[in-house]
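Just below is one structure, and these are the notes that go with it.
Okay, here's the thing in structure tokens:
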């Protein structure tokens, strides 16, 4: 790990990743947010489904339209009953002359209308669910594809948990908002306009009384949405940070307990959790004000219509059934306002999530590459020509690095922490792009090859083992799916792990997961066997025997010597006793080669390497004593 990177690491958060540039850093600040830009990008995902979207809108509007007619028809029933009831003052009795034929016709019409409304609601519900799931499926796919195109620098600088939160929580939030809000918004607007028209057909004065409070509701909703938007953004951002911290805690429990950092991690968790609590309850409370406020205004309108309608009925301007219909419409009129308020609340959350999703999708990708050269029969000649590199702009840690490696040579790279050993390997693998100079394999620049081609040139065994959930055989054949079982067994015997595998209940078919009882040293042996099976023309060994005992190390070293025979090999070494037979040893310090030569030649120089070697030897003697 470079010194610059080490200085950026949170002091109470062990990152796990050892040396090299693999440490992860918490974000120090948020990029400027753009809700409009995120909305435009989200609409671009809806466009492929515009036909379904239009049909869904039409069906939701039809469902709303059919339900609008109901209250007026119910009022007609009341009016018909009112007309059919009379009083005869001469006989002192009531006269009932109700036209039940008309009433039953209205009832049949209402049943038909409500059934049609139900059918259209069901159809639009299916359409919106399918459309929403397809959009979120595409978003997840695009985010995963984007992840494959991002440089390692992005993952060095962003917590893994935050990235995971974007791919899960944020996309789920978008999906829920689309599923619940889109159809509701259009049906609510249809309901709002339709109710207004129906009210006008009954009484213009009562309609004016009913909508006189509408501007108040509109202003209140605008103020609430503006206030809530910031809290929703903060909520999504804090959720990502909290997930990142939790992921960090889970993956580093051993280190946390070893250094008794539980309190520090708990304090950081409490800070994030409190921040999430504050932003969540404020966003939910402020947005939740919409429903009661719109309900309050609707109740005022309800009272006003009742009073004015009663006055008009007494004056003979309206029937009782008309007042009944108006009251139902007033109540219905407030319903879409509340639904719109609720939908806009969910939309605010979705926009905040969309900003985070599209912020990730808009990140700079690795440079576009074109395949120009095909390497056949790789010899393994490698050249570093005036290579310059820095993880941070304007801060180079590799300065004018030059090296020529002949085919089949074993090159050991040594030096103090932060000297640039792992960085050289990362540059060789094109995990990072150079600031200057070039690296060539068999006289072909690595930039003239695709990254996939470059990666196929090397087999790697790292200090930090990585095994995925799957059978042992699947893990071993990860780098070479075409390997035979004989190849697998032969490699495992060479890596001294075959006997252990056969002792397991299912042998090579045993599934490796969190419950698998395998030591770190055994995992290391499996990764070594995996590199042997990959059978790449060149090798990179990053202290590959660091997790095994001395006796096993000697056995592995013999297998490695057979594996390295005829292959150009780069060995990052910390225990200098393991590289005595290297063809050339590069001694790095602050990104420069300060010494080079064989083990014996460097000891005779009595320089930097000799000091490193003697200090390790002296330390070993002291340990033994």
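Residue numbers (my numbering): 8 to 632. Glycine included, every Cβ here is placed at the ideal spot set by N, Cα and C. This one's a predicted model, so the numbers in the text were calculated from it and none came from an experiment.
So, at 6 Å on beta carbons, what are the nonlocal neighbours of residue i in its own chain, with the 5 sequence-adjacent residues on each side left out?
i: residue 294; result: 235 and 352
i: residue 452; result: 445
i: residue 339; result: 202
i: residue 404; result: 9, 397, 427 and 598
i: residue 478; result: 516 and 518
Taking DSSP's pairing of strands, which residues face residue i in a bridge?
i: residue 398; result: DSSP, once it has assigned bridges, lists no residue as partnering residue 398.
i: residue 446; result: 391
i: residue 419; result: 578 and 592
i: residue 411; result: 390
i: residue 477; result: 519
i: residue 452; result: 447
i: residue 77; result: According to DSSP, which records beta bridges pairwise, residue 77 is partnered with nothing at all.
i: residue 229; result: Residue 229 pairs with nothing; no bridge assigned.
i: residue 604; result: 592
Per DSSP, what kind of secondary structure is residue i in: helix, strand or coil?
i: residue 219; result: coil
i: residue 353; result: helix
i: residue 506; result: helix
i: residue 403; result: coil
i: residue 380; result: coil
i: residue 436; result: coil
i: residue 36; result: Any answer about residue 36 is weak, because its pLDDT of 34 lies below 50 and its placement is not dependable; what the coordinates show is given next. Correct three-state label for residue 36: coil.
i: residue 546; result: strand
i: residue 425; result: coil
i: residue 599; result: strand
i: residue 615; result: helix
i: residue 514; result: helix
i: residue 587; result: coil
i: residue 572; result: coil
i: residue 15; result: For residue 15, the predicted model reports a pLDDT of 36, less than 50, meaning its position is unreliable; a value from the coordinates is still stated below. Residue 15: helix per DSSP, three-state reduction.
i: residue 316; result: helix
i: residue 492; result: helix
i: residue 191; result: helix
i: residue 465; result: strand
i: residue 322; result: coil
i: residue 486; result: coil
i: residue 29; result: Per-residue confidence for residue 29 stands at a pLDDT of 34, beneath the threshold of 50, marking its modelled position as unreliable; no derived number is given.
i: residue 621; result: helix
i: residue 375; result: coil
i: residue 472; result: coil
i: residue 299; result: helix
i: residue 524; result: coil
i: residue 286; result: helix
Looking only at its own chain, which residues have a Cβ that is under 7 Å from the Cβ of residue i, when we skip the five neighbours before and after it?
i: residue 436; result: 461, 462 and 465
i: residue 355; result: 232, 235, 236, 239 and 294
i: residue 380; result: 451, 455 and 456
i: residue 422; result: 428, 594, 595 and 596
i: residue 135; result: 63, 186, 189 and 190
Would you kindly work out how many angstroms separate the C-alpha atoms of residue i and residue j, rounded to a whole number?
i: residue 347; j: residue 192; result: 6 Å
i: residue 427; j: residue 140; result: 47 Å
i: residue 498; j: residue 492; result: 10 Å
i: residue 577; j: residue 397; result: 21 Å
i: residue 388; j: residue 495; result: 28 Å
i: residue 516; j: residue 507; result: 13 Å
i: residue 364; j: residue 174; result: 7 Å
i: residue 590; j: residue 420; result: 11 Å
i: residue 449; j: residue 543; result: 15 Å
i: residue 34; j: residue 357; result: For residue 34, the predicted model reports a pLDDT of 35, less than 50, meaning its position is unreliable; a value from the coordinates is still stated below. Computed Cα separation, rounded: 22 Å.
i: residue 303; j: residue 197; result: 22 Å
i: residue 58; j: residue 72; result: 21 Å
i: residue 284; j: residue 524; result: 39 Å
i: residue 581; j: residue 599; result: 18 Å
i: residue 333; j: residue 79; result: 8 Å
i: residue 257; j: residue 247; result: 15 Å
i: residue 121; j: residue 82; result: 16 Å
i: residue 49; j: residue 361; result: 7 Å
i: residue 106; j: residue 86; result: 11 Å
Enumerate in chain order the residues of its own chain whose CB-to-CB distance from residue i is below 8 Å, with the five nearest sequence positions on each side excluded.
i: residue 6; result: With the chain represented from 8 up to 632, any question about residue 6 goes unanswered, as that position is not in the structure.
Checklist entry - If we count Cβ pairs, one from each stretch, closer than 8 Å, do we get three or more for the segment 233-251 versus the segment 278-298? => result Touching, per the Cβ criterion.
Checklist entry - Is there contact here, the segment 203-210 with the segment 239-259, by at least three beta-carbon pairs under 8 Å? => result no
Next on the checklist: I'd like to know if the segment 165-185 and the segment 138-156 are in contact, where contact means that at least 3 CB-CB pairs between them fall below 8 Å.
Outcome noted: yes
Item to check | Stretch-stretch touch, CB-based, cutoff 8 Å, three pairs: the segment 141-153 with the segment 210-227 | outcome: no
Next on the checklist: Using a Cβ distance threshold of 8 Å, determine whether the segment 319-338 contacts the segment 162-174, with at least three qualifying pairs required.
Outcome noted: no
Next on the checklist: Any contact between the segment 306-318 and the segment 150-168? By contact I mean 3 or more CB pairs, one from each, below 8 Å.
Outcome noted: By the criterion of at least three beta-carbon pairs nearer than 8 Å, the segment 306-318 is not in contact with the segment 150-168.
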